Amino acid sequence: MIALIVFILMVFQNVQSTELKSNEHNVAKNNIDSEVVANVGNIKITNEEFRLNYEFGPVFTKKINNSKEKHLNYMINEKLFALEAEAIGLDTSRQVINYLNTINSDLATEELYIDEILSKVEIMDNEIDSVITRKSMDVKVKWLFSDSEFEINSLNLKLKSGIPFVSLFKQRYKLKEEIDSKELKTNRYLLGKKNPSLGKIVDTLESKKFSKPIFMDDGWYIIYLESFNQQAILTETDFTRLKTEAIDAVKMIKMNSISDKYVNNLMIDNVPIIKSTAFRILRSYLSNYILKKELYEQWSLPQKMDEALAELDNKSKSDISKLVLINMKSTEVTISQFLEWFWLRDQYIKFDNSSLEAYTLSLKDIVFRMVRDELLTNTAKKKGYFESDVVKKQFSWWREKVLSSAFKNYLRNTINVSSDEIAPQKGNEKDINIDIEKEYTAKLFRTIQKLKQKYSIVIDEDILDNIIVSEEENPSAISLYTIKKGGLIPRTPYPTIDSEWANWE
């Protein structure tokens, strides 16, 4: 009994020691992260902010001498722009406010996602092994296609009579484009990911065998497994790579599954309903901007707008933007709210223009995506994620980045093509644009010099020297661009300096 007590005490002490070391490590890391590498006016650039900005930033600073110093100088320029943007009131513009609200919501919902979805992901060894096995299986598949059941059965009879599949395939498909569209070489994992139905069919086939005729959405198929190769021996490097890929793949599948259930439950709880009249008004209004004129008129969208407007009373017609587009259990979304959401993302949104019906369905999907964003944002607010220290810290970085961009746009807009600020016009639009860019660059330079006189700048060279980065002064550094697409708005993981600073080198 005494021995058992001693053992329990030893375990408890070991746990305490491990926790203490872990806590000491976290405290040390937090202390390093919060070190201030530079002060620009009342803005502090911390070790953590600099490191993330550098690592996710453009590659050009990683290639040149004094990489960290140069990168920091461009960060300082952007912080100066942010300070001046606030000084002249650009932080109160509707566009800036809307974009910052979206960024803030994205950061808060990301924390919500980490706590309520990512934390629930459990990965088992057998799941990883299964993915590794499928990733090491190389498969080559061909297929015969027809939209006629009679024709596909005729092809099947020929195969059963002994005509080789490859011969029939060559007879039927002669053009390279046709051949390429009827065969696929990949691994079993990617095949299942891209086309789960095809993956299951392949699992039932032996090499050099064909399937019975199978009906899918667009017609009839006969699948042929041309080759199937399992890599018998993997090098340690290959196995490590496959294991990393497998863990990421399993994690992503499970996260998506949990996330889908989470969002579906939110939708079910809030019962979003699209209002028909408001939706048809929105469809015609948006189409005027995003569709080609021929389609806009061919689909009679101006007339459909008039028909929808005729269903409204005079009071509703007085301010169409305030019309309720979506009714929910405890809230509603107006046309104006949707448009504010849409115009911040329009460059990333694609419509199906194959028919009016397809276009309408794709717009409805986008409306429901906006509903999803609203519900996630509201949930994050209720659960206090907007007050998270992580959210507040990252939001301050994004706020300064957005204000910097707003100030640069402001400077560009102050250049008048007809003014004396640019070189004399040469009668060529290309030459005029070159002159404008030259003046814009000169204006940026002059403005930076003035702002350096207006705001104090203090750099801690020792802290900068001690910041560890992955690439420095390496002419062969590879350019990588990371963008997060799964949140409320596509963006880089962290704010980074603009790529156009490369033109200053």
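In terms of the numbering used here, the sequence shown opens at residue 11 and continues consecutively.
Glycine residues also receive a C-beta, built at the ideal position from the N, C-alpha and C atoms.
What you are looking at is a predicted structure, and each value in this text was computed from that prediction instead of being measured.
- In the structure shown, VAL106 adopts helical secondary structure according to DSSP, grouped into three states.
- In the displayed model, THR119 falls within a helix according to three-state DSSP.
- Secondary structure of MET134 (DSSP, three-state): coil.
- Inclusion of LEU110 and VAL400 in the CB contact set at 9 Å is not warranted, their separation being larger than that value.
- In the same chain as LYS453, and ignoring 5 residues on each side of it, the C-beta atoms closer than 6 Å to its own belong to LEU421, in chain order.
- Residue pairing by DSSP places LEU154 opposite ILE232 in a beta bridge.
- If you compare the alpha carbons of LEU490, GLU510 and TRP511 with that of THR502, the shortest gap goes to LEU490.
- DSSP, reduced to helix, strand and coil, places PHE220 within a strand of the structure shown.
- About 11 Å separates the Cβ atoms of LYS152 and TYR231, ruling out a contact at the 8 Å cut-off.
- Secondary structure at LEU194: strand, using DSSP grouped into helix, strand and coil.
- Taking the C-beta atoms as reference points, ILE300 is found no nearer than 9 Å to PHE378.
- Per DSSP, reduced to three states, the secondary structure at PHE60 is helical.
- MET226 has GLY229 as its beta-bridge partners, per DSSP.
- Ranking ALA390, THR451 and SER372 by CA distance to the CA of ASP125 puts ALA390 first.
- Within its own chain, the residues whose Cβ lies closer than 7 Å to the Cβ of LYS374, once the five positions on either side in sequence are excluded, are ILE284, listed in chain order.
- Closest in alpha carbon position to SER286, among LYS271, ALA318, LYS264 and LYS302, is ALA318.
- Taking the Cβ atoms as the reference, ALA256 lies roughly 7 Å from LYS145, within the contact range of under 8 Å.
- For the pair TYR395 and GLU307, the Cα-to-Cα distance works out to about 46 Å.
- DSSP links SER237 through a beta bridge to LYS150.
- With fewer than 16 other Cβ atoms from the protein chains shown falling within 10 Å of its own Cβ, ILE478 counts as exposed.
- Contact check for THR344 against SER326 fails: the beta carbons are separated by 9 Å or more.
- In the DSSP annotation of this structure, the continuous segment of the beta strand (DSSP E) that includes ASN49 starts and ends at 46–50.
- As computed with DSSP, ILE336 is found in a beta bridge with ILE284 and VAL343.
- Counting C-beta atoms within 10 angstroms of its own C-beta, THR214 has fewer than 16 neighbours from the protein chains shown and is therefore classed as exposed.
- Taking the Cβ atoms as the reference, LYS264 lies roughly 5 Å from VAL131, within the contact range of under 8 Å.
- Nearest C-alpha to GLU96 among LYS80, ILE53, ASN75 and MET85: ILE53.
- Counting only runs that start and end inside the stretch 438–515, the alpha helix (DSSP H) elements of at least 4 residues fall at 439–464 and 471–476.
- Contact between the stretch 85–101 and the stretch 44–51 is present, with at least three C-beta pairs closer than 8 Å.
- When ASP470, ARG456 and THR424 are compared, the shortest CA-CA separation from LYS464 is found for ARG456.
- In the DSSP assignment, ILE53 forms a beta bridge with VAL50.
- Going by C-alpha positions, ILE162 is about 45 Å away from ARG355.
- By the neighbour-count criterion, in which 16 or more other beta carbons inside 10 Å mark a residue as buried, LYS73 falls on the buried side.
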